[in-house]
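FYI, in full-length UniProt numbering the residues of the sequence shown are 1 to 561.
Glycine residues also receive a C-beta, built at the ideal position from the N, C-alpha and C atoms.
What you are looking at is a predicted structure, and each value in this text was computed from that prediction instead of being measured.
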Amino acid sequence: MAELRHSSSIGNRVTASPRKRDDVTASSSPLVPDSAPNVDDDDDDYRGRYPRDRFRSFCSSHLQPLFPFFFPDESRSHPHKLKISLFLLVVLILSLVVLISSVVHRLNAPYLCKKDGITLQCPPVKEPSSLWENPYSSTTSWKPCAERREELKSDILPENATNGYIFIHAEGGLNQQRIAICNAVAVAKIMNATLILPVLKQDQIWKDQTKLEDIFDVDHFINYLKDDVQIVRDIPEWFTDKAELFSSIRRTVKNIPKYASAEFYIDNVLPRVKEKKIMSLKPFVDRLGYDNVPPEINKLRCRVNYHALKFLPEIEQMADQLVSRMRNRTGSSNPFMALHLRFEKGMVGLSFCDFVGTRSEKDLMAAYRKKEWPRRFKDGSHLWALALQKRKEGRCPLEPGEVAVLLRAMGYPKETQIYVASGQVYGGQNRMAPLRNMFPNLVTKEELATKPELDGFRKHVTSLAALDFLVCLKSDVFVMTHGGNFAKLIIGHRRYMGHRLKSIKPDKGLMSKSLGDPYMGWASFVEDAVITHQTRTGLPEETFPNYDLWENPLTNCMCKA
């Protein structure tokens, strides 16, 4: 019996080793009992058992030194290792939390371009580039938020408790007047004063006697802002000497610096308004800053510009007809481009840039500049060097031919429908010929509308400018050729409406460099033009100190969608 038990134990040890068991067959070894398990039957069991053994071996050799608390015997024998492993585990968990939150934040971050020196860096998108639209993600990231909120209670003082009345002349053209009106509302809010409806001052260039109610819906303007600022249509009846308000220096605040802060108005202007009860602010062009006023004041300026200042219904309706005719010029619905061509004689003269032309044309322009701007002209000897420097820096208006070359390089075909918003182009048809040859489908409002349709708007020059403004605002692509209030307001308004609409701001420095290089080929110019202007299309862009609210309203007037 002892020998049998000894033989059985040897047999059990043999069958516990697969390798030895395979070497010894059941028929040749009397030590193997009849009940020994069949290798084929238990093959799955053995396959599953040994990976677990390897895993245990890996854990004991690699993880046990780092995390001994998972191994009770080790943690009891080495307590200092337990503390180190706990610390490492905490660091690992915190790193994972930071990584996950960073990924989530990046996925949920709005589309926003950032300045890198003079270069604008924008988030990459998977969408194919389009001639007519910005990336879809750029328009789903931000939404307008300067509109009136009905649930907010009014905090304005009643008329009999106001700090006083302020009055302004809105000078310049239509768009400069628009900015002045927005600023006047903001200043009235800063001082808790009542605003007398601004008067549109006759401009020396426009020679226009338009009143505010000839262009804008005054009832809507006053009603929309009733919870922000008190606005009255006329000077109060108790103030009898109205002429004094227009002419007397005792009733005028004249020492307001450009881009003044809110504190300046409170410390220097408000005391005089309280003392005199009615004061005129003159001059009032650019007399309120951007980054030195409270954010809610900038939001109020946006509310005035984008919501309260609406053109008269007849102007809106005529503009809608012009837009509809532009979209259906080919017999079917087609996108169209609006081109703001700043190449009038006054703009060319004021720029003091040199342009291609005959000797007689240059002599006539020199005489015109000497007459209109004698202090800047002097004897004219310095103008050539000044013109070269300004062109190199990209500060000269683009000529019609330069615009044509740029648009073609960016990929716009010859068939593109283009609405031209412009005054009388300097040089006439000869100057326009290169643009018209490359893009023959150029039209103006005079060609889209009949003479009787436009006659009702001709009595006010600013009414015609308002039509151009609205058509450019509603176009699929807007292209500016030089700075100015018109282009700034259009680009800013299209951004506020949604960044989907392209608003192309040409890099005039690139144009000067490329067109002045006799060795640059067309393919190289096309590549430079496309790459450079990928981010100059009115995309969401972070603001910077002293930014222009009218061109980029994102920070104070838009919210994350």
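About 6 Å separates the beta carbons of A561 and S141, which is inside the 8 Å limit, making them a contact pair. Going by DSSP, Q321 is part of the alpha helix (DSSP H) stretching over 313-327. Under DSSP, S524 forms no beta bridge with any residue.
With a cutoff of 9 Å on beta-carbon distance, M497 and L467 are scored as not near each other.
Around the C-beta of Y165, 16 or more other C-beta atoms lie within 10 Å, and the residue is accordingly described as buried. Sequence-distant partners of L383 (beyond 5 residues in either direction) whose C-beta falls short of 7 Å from its own C-beta, in its chain, are F352. Taking 9 Å as the cut-off, the Cβ atoms of K513 and R395 do not count as close. With respect to the 9 Å criterion, T481 and P506 are classified as neighbours on the basis of their beta carbons.
Sequence-distant partners of V420 (beyond 5 residues in either direction) whose C-beta falls short of 6 Å from its own C-beta, in its chain, are L339, L341, L442, T444.
Selection S248, I84, G483, A465 evaluated against M347 yields G483 as nearest (Cα-Cα).
G538 is classed as buried because its beta carbon has at least 16 other beta carbons within 10 Å across all chains shown. Distance check between P553 and each of P144, L96, T139 places P144 closest, using alpha-carbon atoms only. Rounded to the nearest angstrom, the gap between the Cα atoms of N334 and S475 is 11 Å. In the structure shown, the three-state DSSP call for M511 is helix. By the neighbour-count criterion, in which a residue is buried when 16 or more other Cβ atoms sit within 10 angstroms of its Cβ, V253 is buried. K211 sits close to L200, with the two beta carbons spaced by under 9 Å. Classified as buried, D228 has 16 or more neighbouring CB atoms from the shown chains inside 10 Å of its CB.
Contact check between the region 125-136 and the region 486-497: fewer than three CB pairs, one atom from each, fall below 8 Å, which does not count as touching.
For the region 174-239, the continuous beta strand (DSSP E) assignments of 3+ residues that do not extend past its boundaries occur at 194-196, in sequence order. Counting the other Cβ atoms within 10 Å of the Cβ of V530 gives fewer than 16, which makes it exposed. The beta carbon of F525 is closer than 7 Å to those of A409, S514 in its chain, skipping five residues each way along the sequence. Between the region 281-291 and the region 245-260 there are three or more inter-stretch CB-CB distances shorter than 8 Å, so the stretches are counted as touching. In this structure K189 is buried. Its beta-carbon is surrounded by 16 or more other beta-carbon atoms within 10 angstroms. With respect to A449, L312 sits apart: the two C-beta atoms are not nearer than 9 Å.
Sixteen is the threshold: when 16 or more other Cβ atoms of the shown chains lie within 10 Å of the Cβ of P397, as they do, the residue is buried. The shortest C-alpha to C-alpha distance from D455 to any of M558, F87, I315, S422 is the one to I315. Collapsing the DSSP output to three states places K502 in a strand. By alpha-carbon distance to Y111, the top candidate from I118, T119, G117, P123 is P123. Annotated three-state conformation of Q417 is coil, per DSSP.
Burial state of P198 is buried, judged by a 10 Å Cβ sphere holding 16 or more other Cβ atoms. The three-state secondary structure of K459, taken from DSSP, is coil. The bridge partners DSSP lists for M558 are P144. Secondary structure note for S360: its alpha helix (DSSP H) is the uninterrupted segment 359-372.
DSSP places V479 inside the beta strand (DSSP E), whose first and last residues are 477-480. Spatial neighbours of Q176 in its own chain (CB-CB distance under 8 Å, excluding positions within 5 residues in sequence) are listed in chain order as A170, V285, N485.
One thing to note: C182 has its Cβ within 9 Å of the Cβ of R301.
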